[in-house]
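A.B. asks: Going line by line, the protein sequences match chains G and W. Taking UniProt numbering, the leading residue of the first sequence gets 1, the next gets one more, and so forth. Taking UniProt numbering, the leading residue of the second sequence gets 1, the next gets one more, and so forth.
Protein chains: 2
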Amino acid sequence: MDSHPKADTPPTIYDVARRAGVSIASVSRVLNGRDNPRPATRDRVLKASAELGFVPDGAARALSSRLKHVVGVVFRRVYGTDDGGTFADEAESLLFGDQINRGIEIVAQRYGYDLLVCSVNIDERTLPNRIMTIAGKCDGLILHDQVLSPAGLAAVARVAPVVSLAGAGGGDVAVVRSESADSMRELARHLVQDHGYRRLAYIAGHADSPDNVVRGRSFADEARALGAECLTGPAWQGDYSAAGGVEIVRGLISLGATLPRAIACANDQTALGVLYALAEHGLDVPGDIAVTGFDDLPFARHLRPQLTTVRQPIQEIGAQAFEVLHSMITTGQPASTTTEAAADIVLPTRLIRRESCGCPPDPATPSWRRLV
Amino acid sequence: MDSHPKADTPPTIYDVARRAGVSIASVSRVLNGRDNPRPATRDRVLKASAELGFVPDGAARALSSRLKHVVGVVFRRVYGTDDGGTFADEAESLLFGDQINRGIEIVAQRYGYDLLVCSVNIDERTLPNRIMTIAGKCDGLILHDQVLSPAGLAAVARVAPVVSLAGAGGGDVAVVRSESADSMRELARHLVQDHGYRRLAYIAGHADSPDNVVRGRSFADEARALGAECLTGPAWQGDYSAAGGVEIVRGLISLGATLPRAIACANDQTALGVLYALAEHGLDVPGDIAVTGFDDLPFARHLRPQLTTVRQPIQEIGAQAFEVLHSMITTGQPASTTTEAAADIVLPTRLIRRESCGCPPDPATPSWRRLV
DNA sequence: CTGAAAGCGCTTACAG
DNA sequence: CTGAAAGCGCTTACAG
Chain G
1 MDSHPKADTP PTIYDVARRA GVSIASVSRV LNGRDNPRPA TRDRVLKASA
51 ELGFVPDGAA RALSSRLKHV VGVVFRRVYG TDDGGTFADE AESLLFGDQI
101 NRGIEIVAQR YGYDLLVCSV NIDERTLPNR IMTIAGKCDG LILHDQVLSP
151 AGLAAVARVA PVVSLAGAGG GDVAVVRSES ADSMRELARH LVQDHGYRRL
201 AYIAGHADSP DNVVRGRSFA DEARALGAEC LTGPAWQGDY SAAGGVEIVR
251 GLISLGATLP RAIACANDQT ALGVLYALAE HGLDVPGDIA VTGFDDLPFA
301 RHLRPQLTTV RQPIQEIGAQ AFEVLHSMIT TGQPASTTTE AAADIVLPTR
351 LIRRESCGCP PDPATPSWRR LV
Chain W
1 MDSHPKADTP PTIYDVARRA GVSIASVSRV LNGRDNPRPA TRDRVLKASA
51 ELGFVPDGAA RALSSRLKHV VGVVFRRVYG TDDGGTFADE AESLLFGDQI
101 NRGIEIVAQR YGYDLLVCSV NIDERTLPNR IMTIAGKCDG LILHDQVLSP
151 AGLAAVARVA PVVSLAGAGG GDVAVVRSES ADSMRELARH LVQDHGYRRL
201 AYIAGHADSP DNVVRGRSFA DEARALGAEC LTGPAWQGDY SAAGGVEIVR
251 GLISLGATLP RAIACANDQT ALGVLYALAE HGLDVPGDIA VTGFDDLPFA
301 RHLRPQLTTV RQPIQEIGAQ AFEVLHSMIT TGQPASTTTE AAADIVLPTR
351 LIRRESCGCP PDPATPSWRR LV
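Structure below.
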């Protein structure tokens, strides 16, 4: 049974200290690169530590230093099974969240932090508990859009520093998001003034998504201000998914409705579905109807026609989110941009004009994706 | 400054105990659903805890119970920037790892564990340190394929329970992988016997990937055993990427080489590149050349032609990995399938016959992907 | 059923 | 420059 000579319990700082003939304080100091330890001490500790294969226990370290060096990241996972259909559909949308997480991770790493990730299904009943549990395991949380209600957010913020990636926020929760209003207004101007479309529509995302509200209102207001018509309302209520876009178009067509000259979608996913449904009915984009998205996911430029959309600095959102959270963690309180409220960082976006709005195609876009 | 009435330090178990008029032991017991506490005690604790918004500190809990309820997951991240080109190319491959992680997460959650994720670039110089650091923050590690050398694996395994998702392993590291040999032999038989191809080739993945080695050898051996020719070697050395597949085919064609009748690729990514390069040169698949993949990623069925490939139970790999790791963590030692070595779990795979090998198309595959 | 007390493995003032 | 000692916030035998 005891073929292993060494004890089965991992070495602690005491073992290292004993072996090096110093106090645990000294071991701690050299291992943490503290000021003083003199070379001789340093060498003996390093040697002993290496021989023992010592790895400091994160829990003990966290308890003692009051810092876990771990941030929690919670994001919404589409109710995905790994079966073909819907998954393939939502694969791209996963990318959006993953890109953000990647941004978080890169700068987190720079600060010596690791990510505790947790994907959730919004319908989950025990969600609040789950999040509280992970809150206990980290120094702060970054919550993607659509994972918690404003009330839920506030509750979590009472327990740990929180950065939200939604348009909402307030109280002690900081927010990092990208600009929506200006770019959507620019899009409206482009469609109305540059292309001369007079009849537009906006297919909305989740009704309770703050970003969606801003995007829709900005777009519609500007279009109308320019004298164009802009359809909105229940008939144009999507849900950020390709399937949602498909349904809306199919529904409208089956009702015999006259489609608008241009359709602006709440995101690229939705636009993908719209393109599909339009093609299904033999309608040409942008010839018969122009279509636009929002996000500029990688696939946007590989669609046929290439999708005109608004580019969000996805990875940068994650990077900024961590920076803000980190400062909240270290300063102990809400990283306020002003001296009063928690931070609200707005990243710039940019209108990307491609084929689907009626602009000429970009010649340089070869890709394996053309094949798919 | 002190507009907040409550202290800025979060409540501890002592605060709850005081407020409920019981000992911290009792608080701990009811909060952990232990046997005894009687209803009266229980209620007071719960009430006090709720009023205070108490969330137990994970570090303290971990230190005391010797269990962090956290597992580390390390996977290789393609050197991706968020710029278009290569990213779009590798997006699908990210999906593979993410699917595995999803599988891990689902069952981890069931056991009350969370995931500490860490993506690495293999060329990273500080990789060993990074991994040791995260080892200190969790109860065990799951390492995806291609993140550590066998020696590196062994080193980590000395510090914490480790499950590897590669073909390699041994020592104290458990392995979870999927069957490769049988399915590749079946593929060879299918191509040679059912389709009558006599001249085949295998485009390899990373040379140091155990799975790749097995796939290549099984395929080639079987093909040759059936009297067919099978090209392998340096000219057919890929790297699991689409770009790799493209290069090989382009190189061969530019050399004026006569291509084989069928090309089996180490994975779907590679096959994607091969399809692209072949199309580029006006070659028809499967008319002129048959092509097959391995993995059955979601996009495989949406390619034109639909890709014949070998399906791996991706999510299941993650699920099994966690199960094994969990048992290693709780039993304290390598979850051995036998009584000697660490576990080596092999999951079944299945040959999926679609168009690219020469079989008739599957009529039922509509998808937004058709558009992309 | 419940409390007092020890202990988990570190870090960090505090004195030399 | 270094050690003795306290303390981080929990869990869990051990005695009632």
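Using N, Cα and C, we set each Cβ at its ideal position, and we do this for glycine too.
(1) With burial defined as no fewer than 16 other Cβ atoms inside 10 Å of the residue's Cβ, what is the status of Ser56/W: buried or exposed?
(2) So if I threshold CB-CB distances at 9 Å, which residues from the segment 135–164 of chain W count as touching chain G?
(3) Bridge partners of Val192/W, per DSSP?
(4) Could you tell me whether the Cβ atoms of Gly293/W and Leu307/W are closer together than 8 Å?
(5) DSSP on Gln146/G, reduced to helix/strand/coil?
(6) Please report the residue range of the beta strand (DSSP E) in which Ile201/W lies.
(7) My guess is that Leu275/W and Val285/W are in contact by the Cβ rule of under 8 Å, so how many angstroms apart are they, rounded?
(8) Determine the direct distance from the alpha carbon of Arg76/W to that of Asp98/W, and round the result to whole angstroms.
(9) In angstroms, rounded to a whole number, what distance separates the CA positions of Val156/W and Arg354/G?
(10) Beta carbon of Leu351/W, beta carbon of Leu191/W: below 8 Å?
(11) Counting only the same chain and skipping the five closest in sequence on each side, list residues whose C-beta sits under 8 Å from that of Gln312/W.
(12) Within 8 Å, do at least three Cβ pairs link the segment 18–28 of chain W to the segment 12–31 of chain G?
(13) I need the straight-line Cα distance from Arg185/W to Arg224/W, nearest angstrom please.
(14) Taking 6 Å as the limit between beta carbons, can you name the residues of its chain near Glu105/W, skipping five residues before and five after?
(15) For Gly273/G versus Ala319/G, is the C-beta distance shorter than 8 Å?
(16) Within 8 Å of any Cβ in chain W, is that where the Cβ of Lys47/G sits?
(17) Return the chain-ordered list of same chain residues with a C-beta closer than 6 Å to the C-beta of Gly358/G, the five sequence neighbours on each side being excluded.
(18) Suppose you measure from the CA of Thr81/G to the CA of Arg130/G; what does that come to, to the nearest Å?
(19) Does DSSP classify Gly85/W as helix, strand or coil?
(20) Is there a Cβ of chain G sitting closer than 8 Å to that of Pro56/W, yes or no?
(21) Between Gly245/G and Gln146/G, what straight-line distance do the alpha-carbon atoms span, to the nearest angstrom?
(22) Quick check on this structure: which residue in Ile345/G, Arg304/G, Phe322/G, Ile314/G has the alpha carbon closest to the alpha carbon of Val360/G?
(23) Return the CA-CA distance between Ala151/W and Val173/W, expressed in angstroms with no decimal places.
(24) Using a C-beta to C-beta distance shorter than 7 Å, which residues of chain W count as neighbours of Gly53/G?
(25) Flag Pro348/W as yes if its beta-carbon sits less than 8 Å from any beta-carbon of chain G, otherwise no.
(26) Can you tell me the Cα-Cα spacing of Ala40/W and Thr41/G, whole angstroms?
(27) Do Leu143/W and Val71/W have their CB atoms nearer than 8 Å?
(28) If you follow the alpha helix (DSSP H) that Arg19/W is in, where does it begin and where does it stop?
(29) Pull out every residue of the segment 280–313 of chain G whose Cβ sits closer than 8 Å to any Cβ of chain W, in chain order.
(30) Restricting to runs no shorter than 4 residues, where is the alpha helix (DSSP H) found entirely within the segment 253–282 of chain G?
(31) Are the C-beta of Pro128/G and some C-beta of chain W separated by less than 8 Å?
(32) Identify, in the order they occur along the chain, each residue of the same chain with its Cβ nearer than 6 Å to the Cβ of Ala20/G, setting aside the five sequence neighbours on each side.
(33) Taking 8 Å as the CB-CB cut-off, is Cys357/W touching chain G?
(34) Would the beta-carbon of Tyr240/W fall within 8 Å of that of Phe219/W?
(35) For the segment 91–121 of chain W, which residues have a CB atom closer than 7 Å to at least one CB atom of chain G, in sequence order?
(36) Residues of chain W with CB closer than 7 Å to the CB of Asp8/G, please, in chain order.
C.D. replies: On the basis of the data shown:
(1) Checking the displayed sequence, the identity of residue 56/W turns out to be Pro instead of Ser. Flag for Pro56/W reads buried.
(2) Ala135, Gly136, Lys137, Cys138, Ala155, Arg158, Val159, Ala160
(3) Partner(s): none; Val192/W has no beta bridge.
(4) yes
(5) coil
(6) Checking the displayed sequence, the identity of residue 201/W turns out to be Ala instead of Ile. That run of the beta strand (DSSP E) goes 199–203.
(7) 6 Å
(8) 11 Å
(9) 49 Å
(10) no
(11) Ser178, Phe294, Asp295, Asp296, Leu347, Thr349
(12) no
(13) 11 Å
(14) Leu115
(15) no
(16) no
(17) His195, Pro286, Ala290
(18) Confidence in Thr81/G is poor, its pLDDT being 38 and thus under 50, which makes the residue's placement unreliable; the coordinate value appears in the next sentence. Roughly 21 Å separates the two Cα atoms.
(19) Because the pLDDT of Gly85/W is 39, which lies under 50, any placement of that residue in the model is unreliable, and the question is left without a value.
(20) yes
(21) 19 Å
(22) Val is not the amino acid found at residue 360/G; the sequence shown has Pro there. For Pro360/G, the nearest C-alpha among the options comes from Arg304/G.
(23) 11 Å
(24) Arg158, Val159
(25) no
(26) 56 Å
(27) no
(28) 13–20
(29) Pro298, Phe299, Arg301, His302, Leu303, Arg304
(30) 268–280
(31) no
(32) Arg44, Val45, Ala48
(33) no
(34) no
(35) Ala91, Leu94, Leu95, Asp98, Gln99, Glu105, Asp114, Leu115, Leu116, Val117, Cys118, Ser119
(36) Gly332
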